[in-house]
Amino acid sequence: MKIKNYLLLLILSFGSNFLLAQHENDNWLFGNNKWKFDNSPNGFIHTTNLNPYIRYGSSAISDKNTGDLLFYSDGYKIYTKNGTVMTGGSDLFNSNNVTFNTFGNPSDQSSIIIPLPNSNSIYYVFYINGNRKVNDQGTNSDLTTYNYGLRYAIVNMNLGGGLGEVTSKNNVLFANSPTNALTSTVASDGNSYWIISANNGNFLSYKLSSNGLNTNPVISPATHYGNFFKISPNSKKLVTRINRHPTSTLLNGLYLYDFNNINGVVSNQNKINTRNDKSDFHNSIEFSSDSNYIYYIDLDSCLCGPNSPSISYIMQYNISNGNDYYIQNITNGLAASLQRSQNGKIYLILSSHSSNNNEVIFTPAYQWRVINNPNDSSPNIDGIYPQLTNTKNGYSFPQLVSHLENTNICPNNLDINYPITVSQNFQAGQSIIASSIINDGLTVNYKAGNNVNLLPGFYVRASENGLFHSYISPCDGIIENFFKNSNTDVDSIVRETKISSFDLKVFPNPTSTFINIDSGNEKINSWELFDISGRSVLKGNSVQINVQALPKATYLLNININNKTTTKKVIVK
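According to mature numbering (1 follows the signal peptide of the UniProt record, and there is no 0), the sequence shown holds residues -21 to -1, 1 to 552 in order.
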């Protein structure tokens, strides 16, 4: 039996202090559609008749453990999971007594929802509107441009009977700006986020940590920036599209930057030499999940009159060699949005156009396409079958909530003491200790730099559709198949799982004074005690450890015997 496939999901955890699971992005809401990503044949369950209809950008957040929808936003209101306006969730933009209506266009990246680190109930909603009009449908209504800028609201899901309430809103980060770009990624510490926008000739990076939002941004000078940002899954690259300029063609096209997720600095601008730089679709940019490719849309022709043809091209740019490749063309339709999902595929919304009093009006179409293998140099693009009829798209998919796996960071030690209910990979720089029950039929990998210990309470059953693998290898912190292109068979995998053969006891546990180590007839070479964040607090080689000076907490004790390291969890009370 060969290893054929892995579900490329990863959880990294700093003990009980901070855990980002993989279900925050289970639900997408746009147009009148709701997609619930799961293990169905299409990769999602689709429902229609969403109320309200979301014409432009949206954001959504789901429970990190269950995947149930919590709430969502269209950039000018915040809605409960039931589609009603959340208490306090209206009028996210109101200035001069003007409020966006359901036909408004706050931005293609109208909003993002970010969970407050270390909290299970508090969420920040960032929303932006630059040089966009209240109504862009060619109707007789207010067409004034309102430069509201970037703002944020705070949602408490413990309120409103579990439906949530907005406890603070219209907190202005900057105003009077034409900028519409807004995205986020996880910081290098794995315990905070960067929220990235731009204004007044600068990139702006705001940091959200467990202490709240730092409203003083990291400022990076920008020669050019567009109205749409995407950051690579590894948090190292930022791409933006500069639209056609009325007086110059020099600014057209895609620009790629380095992003430093340690300090939030954007630098090293490089223009991507695209096919023709004609496209003015802000949001037709996406990275592959391995961060090696950029997908974008180029517009070859758009006569844009009644019954006139338009041709757009789906392109792939290879970051390593600087080459771009034609993937597929779309005739009489325009790809209005590209978005990577949690399953690694990239989905496309198609749009069409019409004319009203010589004004071109782009309207969402009823079709989707999917790039099934975007990490490959020659991906295939398919329609989504069965075709989803009787539905109406919006213009933009919601952006993903970044996860800890997007950073190149690993915890030193990982304690897995909760049930594993979905296929996933676990990594740690030094040790993994597990007393978890793994549900039947899952593919689960434990990988640590020094040792993996399976404690009493650990349970997994071999089955035809399941596979458990525990092995020693350096932690890279990257979402990747641990056995990509491997022909390793199950028997060799089982042989790689090593459990210490000697009976090692640590007592008393819990304790407030001393820890005793009983290694039987084996001699202790050394031991090292770590706090739950991975910081070394004590070292030695004696059979007794004095912990009287340590704070009350849970610790991990690495004991080296005969060049084999065993980890025990100890509690100082």
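Beta carbons are placed, not taken as given, at the ideal position from N, Cα and C, and that holds for glycine.
Excluding five sequence positions before and after GLY143, the CB atoms of its chain that fall closer than 6 Å to its own CB belong to PHE50, MET65, VAL134, MET136, given in chain order. In this structure, LEU536 is the residue among PHE509, LEU536, PHE182 with its C-alpha nearest to the C-alpha of ILE503.
A check of alpha carbon separations from TYR58 across SER98, ALA132, LYS15 identifies ALA132 as the nearest.
Counting only runs that start and end inside the stretch 404 to 438, the beta strand (DSSP E) elements of at least 3 residues fall at 410 to 413, 422 to 427, 430 to 433.
With respect to the C-alpha of TYR102, the residue from TYR172, ASP168, ALA154, GLN307 having the closest C-alpha is TYR172. DSSP places GLY10 within a strand segment (E or B) once states are collapsed to three. Nearest to ILE412 by alpha-carbon distance, out of SER263, PRO94, LYS547, is LYS547. Here GLY140 carries a helix assignment [DSSP, helix/strand/coil]. Less than 8 Å divides the Cβ of SER410 from the Cβ of ASN392. For ASN249, the uninterrupted beta strand (DSSP E) run begins and ends at 245 to 251, by DSSP. Note: ASN108 is bridge-paired with GLY128 in the DSSP secondary-structure output. By the neighbour-count criterion, in which 16 or more other beta carbons inside 10 Å mark a residue as buried, PHE9 falls on the buried side.
Here ALA166 carries a coil assignment [DSSP, helix/strand/coil]. Note: GLN318 is bridge-paired with TYR326 in the DSSP secondary-structure output. According to the DSSP assignment, ASN537 belongs to the beta strand (DSSP E) that extends over 532 to 540. Under the three-state reduction of DSSP output, ARG34 falls in the coil class, being neither helix nor strand. A Cβ-Cβ distance of about 16 Å is found for the pair PHE153 and LEU187, leaving them out of contact under the 8 Å criterion. Exposed is the label assigned to ASN195, since fewer than 16 other Cβ atoms lie within 10 Å of its Cβ. Around ASP17, the same chain offers PHE23, ILE24 as residues with beta carbons nearer than 7 Å, after the five sequence neighbours per side are excluded. Under the three-state reduction of DSSP output, HIS448 falls in the strand class. Taking LYS250 as reference, the option from ASN30, ILE241, ILE298 with the minimal CA-CA separation is ILE298. Looking at the DSSP output, THR158 shares a beta bridge with no other residue. Taking every protein chain shown into account, the CB of ALA528 has fewer than 16 other CB atoms within 10 angstroms, so this residue is exposed. PHE207 carries a coil assignment under DSSP once its states are collapsed to helix, strand and coil.
Residue state for SER176 is assigned as strand, using DSSP reduced to three classes.
In the three-state reduction of the DSSP assignment, ILE363 falls in the coil class, being assigned neither a helical nor a strand state.
The Cβ atoms of PHE376 and TRP7 lie closer than 8 Å to each other. For MET294, the secondary structure class from DSSP, reduced to helix, strand or coil, is strand.
Here GLY420 is exposed. Its C-beta has fewer than 16 other C-beta atoms within 10 Å. Relative to the Cα of GLN295, the nearest Cα in the group ASN359, GLN321, TRP347 belongs to ASN359. Here GLU3 carries a coil assignment [DSSP, helix/strand/coil].
A straight-line Cα-Cα distance of about 19 Å links SER449 and ILE538.
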